[in-house]
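A short write-up of the structure that comes next.
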Amino acid sequence: GSVKLDPANGRVGLLGHAAFLNQHAHAVSSSATLRGKAVRNILLCQLIPAPPVDVDTSIPEPSGETLTLRDRVAEHLTNPSCAGCHQLTDPIGLGLENFDAIGRWRDTDNGADIDPSGSLDGIEFTNPVELAEAIRNHPAFVPCMVKTLSRYATGRVETYQESAWLNELVERFNLHGYRIKPLVLELIMSPMFREAGQPAQHEEEPS
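Quick note: the sequence shown uses the working numbering, first residue 3, plus one each step.
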């Protein structure tokens, strides 16, 4: 059956689901980088470039000075070769630090209070619910959702000529108050749904 997530408990939408949180984390620890990259890749259709092959991507272990992941990420970002990409992911993923590796809520990390604030392309947030709002209001979110849904429904990548139809579907999605069911109906009634083409391939994420 369905489960209703209560925003008062810090959970809202996809970002509050354990499946999403667990999939984008390490086996025994959370990951601001993996979760931030998932937001960029899946919800905003933005790719993060792979790190140089000779760069150490490991986050420093907790110490007396760096108990929380936020502290350890800050130390990690002192490396200029890492900072460029991690600035695109980690300020997002840190907003989900109240969720551990398997998606359980927590208030502390190694005994230190968790600060779930961060930023998404200049929009500041203080907790996971505000992060979800920042994603929802991001200009790339709605076009990305329409593109992802169309690829899933048709099983293929849209052609260059169909980009105009994607734009039309975005406009209709807006007119329908961003409701998914009317968008699905608009999609299956569009010419895109009746055409065959190149099978959709999962875009390989950088490691």
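Idealized CB from N, CA, C, for every residue including glycine.
Just so you know, these numbers come straight off a predicted model, no measurement behind them.
query, result
"Count the other CB atoms within 10 Å of the CB of threonine 156; is the residue buried (16 or more) or exposed (fewer)?", "buried"
"Cα-Cα, which of Ala114, Trp167 and His140 is closest to methionine 194?", "Trp167"
"With distances taken Cα to Cα, identify the nearest neighbour of threonine 110 among Arg72, Glu126 and Gln89.", "Arg72"
"Which of the three DSSP states is assigned to isoleucine 125 in this structure?", "strand"
"Write down every uninterrupted run of the alpha helix (DSSP H) in the stretch 84 to 116 whose length is 4 residues or greater and which is fully enclosed by it, in chain order.", "none"
"Per DSSP, what kind of secondary structure is glycine 18 in: helix, strand or coil?", "helix"
"What is the rounded straight-line gap between the Cα of alanine 27 and the Cα of isoleucine 190?", "35 angstroms"
"In whole angstroms, what separates the C-alpha of glutamate 164 from that of arginine 153?", "12 angstroms"
"If you compare alpha carbons, which of Arg42, Thr80 and Ala21 is closest to isoleucine 104?", "Ala21"
"What is the DSSP secondary structure of arginine 196, counted as helix, strand or coil?", "helix"
"Who pairs with glycine 120 in a beta bridge, going by DSSP?", "Phe127"
"Is it the case that the Cβ atoms of glycine 15 and asparagine 100 are separated by a distance below 8 angstroms?", "no"
"What does a CB cutoff of less than 8 angstroms around alanine 116 pick up in its chain, not counting 5 residues either side in sequence?", "For clarity, residue 116 is isoleucine in the given sequence; the question names alanine instead. The residues are Thr70, Arg72, Glu99, Asn100, Arg108, Asp109 and Thr110."
"How about leucine 33 and glycine 120: are their beta carbons less than 8 angstroms apart?", "Here residue 33 turns out to be serine, not leucine, going by the sequence shown. Cβ atoms of serine 33 and glycine 120: not closer than 8 angstroms."
"Since valine 186 and proline 145 should fall inside the 8 angstroms C-beta cutoff, what is the C-beta to C-beta distance between them, to a whole number of angstroms?", "In fact, because the Cβ distance is near 16 angstroms, the residues do not count as touching under 8 angstroms."
"For my contact list, isoleucine 42 and isoleucine 61 are in at a C-beta cut-off of 8 angstroms; report their separation, rounded to the angstrom.", "The sequence shown places arginine at residue 42, rather than the isoleucine named in the question. Contact flag wrong, Cβ pair sits at about 18 angstroms."
"Going by CA-CA distance only, name the one from Gly113, Leu17 and Asp123 that's closest to isoleucine 44.", "Leu17"
"Between the alpha carbons of lysine 183 and leucine 151, how many angstroms are there, rounded?", "11 angstroms"
"Would you mind sorting arginine 181 into buried or exposed? The rule is 16 or more other CB atoms within 10 Å of its CB.", "exposed"
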